[in-house]
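Numbering of the sequence shown is given in the UniProt record's numbering, commencing with residue 1 and proceeding in unit increments.
So the structure is just underneath, and the comments pick up after that.
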Amino acid sequence: MAANLNNFENVLQAIHSKYISLPEHEVRRNNEILNRVLNDLISEMKKDAFFAARYNRIFYGGSYFDGLKVGKPEEFDLDILLKVPKLGQPVLTHTNEPGYLSLRFDAPAELPDEVFKRKMLDERNYLSTKKVREWMIGIVTKALNKYDFSTVDAREATYHLTVS
C-alpha cells in the first residue's frame, strides 16, 4: 500500500511540475520584477520617517511563494513586518477570536515615542488594527502615487493595481 502511495505521489508531482506549475525561468523573471518594484516601493515608503524607523522586512507568503500557484501569478501575498519599541513592556493577550492575539503595552509611559503612541495605540494602550491599517494604507497610497496606474483600489489591507 505504501509503495502505491509513493508512486501516486510521484505521478502527481510530475504532473504538477510539467503541466501546472510555472517554469523555473518564469519564476525567476517574476521574482526579479517583483523585487525591483518592491525595492523601489519600499524606498519610496521609507521617505516617511515613521515608517523608515519601524520597517523590518517583507514576509513572502501564499501559493506563489509556496510553489503551489496554478497558472500565471495575478497576485502576490506580502506582509510588511514592522518593529515595535523595545520599551513599554509589550504583552500579548488572547482575544475572543480563535487564532488572534492582542498586543498591549503595560507601561506606555516608558515608550519614548509619542508619535508611536498617537498613531498606533488605542485609548487602552492596545495596538490598534484600525490605526495601523489606516496609516499603512496612507503610506502605500502615497508611495504608489509615484507610479502611473490606471487604478489603485485600496480596500482594507489589500491593494488591487492595474497597470496601464
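Every residue gets a Cβ at the ideal spot worked out from N, C-alpha and C, and that includes glycine.
Because the structure is a prediction, the values reported are computed rather than measured.
- Starting from the C-beta of lysine 69, find all residues in its chain whose C-beta is less than 6 Å away, skip the five residues before and the five after it, and write them out in chain order. Your numbering for residue 69 matches position 69 in the sequence shown. So the qualifying residues of the chain are Ser63.
- Task: Count the other CB atoms, across all protein chains shown, that sit within 10 Å of the CB of asparagine 7; report buried if there are 16 or more and exposed otherwise.
- Result: Here residue 7 refers to the residue found at position 7 when the sequence shown is read from its first residue. Exposed: under 16 other Cβ atoms inside 10 Å.
- Item | Under the three-state DSSP convention, the category phenylalanine 76 falls into | Numbered from 1 along the sequence shown, position 76 holds the residue referred to as residue 76. Note: phenylalanine 76 maps to coil in three-state DSSP.
- For chain C, find out if any of its Cβ atoms is closer than 7 Å to the Cβ of lysine 130; answer yes or no. Looking for chain C here will not work: only one protein chain is present.
- Task: Can you check the segment 21–47 for any alpha helix (DSSP H) of at least 4 residues that lies completely inside it and give the ranges in chain order?
- Result: List check, alpha helix (DSSP H) in window: 24–45.
- Task: Would you mind stating whether phenylalanine 51 and isoleucine 137 have Cβ atoms separated by less than 7 Å?
- Result: For this step, residue 51 is matched to residue 51 along the sequence shown. For this step, residue 137 is matched to residue 137 along the sequence shown. No, Cβ-Cβ distance for phenylalanine 51 and isoleucine 137 is not below 7 Å.
- Task: To the nearest angstrom, report how far apart aspartate 122 and glutamate 97 are at their CA atoms.
- Result: Your numbering for residue 122 matches position 122 in the sequence shown. Your numbering for residue 97 matches position 97 in the sequence shown. Rounded to whole angstroms, aspartate 122 to glutamate 97 spans 19 Å at the Cα level.
- Message: Out of Phe105, Lys72, Leu38 and Met120, which one is the CA nearest neighbour of alanine 143?
- Response: Working through the sequence shown from its first residue, we reach residue 143 at position 143. Measuring from the Cα of alanine 143, the nearest candidate turns out to be Leu38.
- Item | Distance, tyrosine 19 Cα to valine 11 Cα | Walking along the sequence shown from the start, residue 11 turns up at place 11. Walking along the sequence shown from the start, residue 19 turns up at place 19. When rounded, the distance between both Cα atoms is 12 Å.
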